[in-house]
Amino acid sequence: MHNESGQWTVVDNIGALVTNDPEIGAGKLGVIRDAAVVFGDGLIQWVGPRSRLPEGSAGTRVDLEGRAALPGFVDSHAHLVFGGERSEEFAARMTGAPYSAGGIRTTIAATRAATDAALSANVTRLVTEALRTGTTTIETKSGYGQTVADELRSLEIASRHTSETTLLAAHVTPPEFAGRTDDYVRLVIDEMVPACAPHASWIDVFCEEGAFDEDQSRAVLEAGIAAGLTPRVHGNQLSYGAGVRLAAELGAASVDHVTYTTDADVEALAASTTVATLLPGADFSTRNKYPDARALLDAGVTVALAADCNPGTCYTTSIPFCIALAVREMHMSPDEAVWAATAGGAAALRRNDIGQIRVGARADLIALDAPSHLYLAYRPGVALVREIWKDGHRL
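Numbered according to the working numbering, the sequence shown spans residues 16 to 410.
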């Protein structure tokens, strides 16, 4: 193996390596026992059984002493650009007060009042926190500014921290447009999308009773598509509705939440390329029911898991926590949940360079203080992530 830079990192004595490549390992997770991985120039240069490690693979050597390793988690749904916090709202909800989308307006006021420096510092804090629990790729949305200037600055700030940025101007109707949702949708389409599209990859909308109906959601998404953005949808979180079917119809990369689904919704997803991104942390934090992951998986739908970090309804960045919830509450197998949090998240972002360990992929790898990836569900709440590499750099 030729080494141009001389900066190889060889990670070996991996007890069980999840590659998510069935062509090089066992099962859907492509598990290789007693494995090794070679990084160079930010990419994976070689992966396989340690006994076949190529000669000439000298470099920085890391002995994992039989621990498990897997791709870095890919969190494809987060809301990290915000001001303030809503712990009192959470406490009230836990005593029986129902959640409504109106709580978002509290964060809108705090975000508008926050300085750029304060917003950026908050994103830095949350991205760093997520990284500590193994998230090496994270998406984040705007949606707490809801003026042209505030949505634009939210995306500019987000872009300093991740390349996966989403315009979610259509989050709820802001207070100054109360009773005039159609007027706000026109502002989103005519002004926000043109101003913000250069700073985003994705367009999103909260298609839900109390937020935006099917026609309004379609108009926002089609405006985003016309501006070169790829659609995503918040759909079917609080009630049955049009979100899932609209996402499938428009070829959205992902529809997220997917809590209340009909047979027709599941069929539409199964016949589409749209990923169902499940957010069990949000259901945990709102005492909502959990999605029927089993029905989605059995129908052949591609499923992702994401953390949905936001200040109102799911203030966690921990993908391991969401994996444990998915296994316990959504009847996913540990293998299915790990795949959904890695390769599934990559599919939701339409990326094939992350979420798997194969030659040419980004060198994003995490090692657990455990002999198997099964421990992510087996030992919930325990800080198992011991080592993290992002783009080949040990963090």
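We treat Cβ as the ideally placed atom computed from N, Cα and C, and that holds for glycine.
- A distance of 8 Å or more separates the beta carbons of T155 and L244.
- For a cut-off of 8 Å, the C-beta gap from A339 to A291 is around 19 Å, too long to register as a contact.
- Nearest neighbour of G239 by Cα position, chosen from E223, A263, R147 and A210, turns out to be A210.
- If the five residues before and after G81 are omitted, its C-beta is found closer than 7 Å to the C-beta atoms of N28, G30 and P386, all from its own chain and listed in chain order.
- Around the beta-carbon of R195, fewer than 16 other beta-carbon atoms lie within 10 Å, marking it exposed.
- Within a 10 Å sphere around the beta-carbon of N367 sit fewer than 16 other beta-carbons, which makes this residue exposed.
- According to DSSP, residue pairing for H408 in a beta bridge involves K405.
- Going by DSSP, L183 is part of the beta strand (DSSP E) stretching over T180 to A185.
- Under the 10 Å beta carbon count, D323 is surrounded by 16 or more other beta carbons and is classified as buried.
- A distance of 8 Å or more separates the beta carbons of A297 and T276.
- Within the model, the alpha-carbon separation for P326 versus G99 is close to 8 Å.
- Check the Cα spacing between S269 and each of F221, A226 and S254: the tightest is with F221.
- When the Cα atoms are used, T288 and G266 turn out to be separated by approximately 7 Å.
- Restricting attention to A355, F88 and F54, the CA atom closest to the CA of T75 is found in F54.
- Shown here, G63 sits in a strand according to DSSP, grouped into three states.
- Excluding the 5 residues flanking it on each side, L182 has same chain C-beta neighbours closer than 6 Å at S157, C211, A215 and I218, in chain order.
- In this structure, Y305 keeps its C-beta atom at 8 Å or more from the C-beta atom of E351.
- With distances taken between CA atoms, Q231 lies nearest to V203 out of N251, P213 and V203.
- The continuous stretches of alpha helix (DSSP H) do not include G30, which lies in the beta strand (DSSP E) extending over residues T24 to L32.
- For A392, no pairing in a beta bridge is given by DSSP.
- Looking from the CA of E282, the closest CA among A263, V235 and I381 belongs to A263.
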